[in-house]
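Asks: For reference, the structure I am asking about is given below.
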Amino acid sequence: MSECLFCAIAAGDIPADVVHSDDDAVAFRDIAPQAPLHVLVIPRAHHANAAALAAEDAALAGRLMALAGRIAADAGVADDGYRVVTNTGDNAGQSVHHVHFHVLGGRGFAWPPG
Ligand code: 5GP
Ligand code: ZN
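For my numbering, count along the sequence shown from 1 and bump the result up by 1.
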């Protein structure tokens, strides 16, 4: 099994509540949801963070952004508004070093973030 948690989820080695799966992306519900909608969008390929993903496969980065928008729309939160977040590095609290985009919706969000 992969040592990377999200590689293992993408491979199906660790179960997840998957809401979307295709050739190069998987989206699944966060195990500790911070909003009524909290889905993580990941590429199947391992990239450490968003900057690495964009540098290594910009087209894939674009497809993941489009997928995040579709997930929000399909969940019915697009009209009221939602948030897409990617944490990079220790100061931002990144805990899994396989790029992932949090899609959060279904409630209001403060700005600036904590
Ligand atoms: P980060 O802190 O790196 O921005 O986000 C990592 C996210 O992964 C957290 O929101 C955390 O709750 C979620 N997470 C950690 N382990 C698992 C897991 O095994 N399954 C799922 N579905 N989410 C996880
Ligand atoms: Zn990985």
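Glycine included, every Cβ here is placed at the ideal spot set by N, Cα and C.
For ligand 1, any of its heavy atoms closer than 7 Å to the Cβ of N88?
Replies: Here residue 88 refers to the residue found at position 87 when the sequence shown is read from its first residue. Checking the Cβ of N88 against ligand 1 gives yes.
Asks: Cβ of H21 within 7 Å of any heavy atom in ligand 1?
Replies: Looking up residue 21 in the sequence shown gives position 20. Result no, Cβ not under 7 Å from ligand 1.
Asks: Looking at L61: is its Cβ nearer than 8 Å to the Cβ of D24?
Replies: Your numbering for residue 61 matches position 60 in the sequence shown. Your numbering for residue 24 matches position 23 in the sequence shown. The answer is no: Cβ separation not under 8 Å.
Asks: Could you spell out where the beta strand (DSSP E) holding R84 opens and where it closes?
Replies: Here residue 84 refers to the residue found at position 83 when the sequence shown is read from its first residue. Run containing R84: Y83 to V86, per the beta strand (DSSP E) assignment.
Asks: If we call anything under 8 Å between Cβ atoms a contact, is F110 one with V42?
Replies: For the purposes of this step, residue 110 is taken as the residue at position 109 of the sequence shown. For the purposes of this step, residue 42 is taken as the residue at position 41 of the sequence shown. Remark: C-beta atoms of F110 and V42 do not approach each other more closely than 8 Å.
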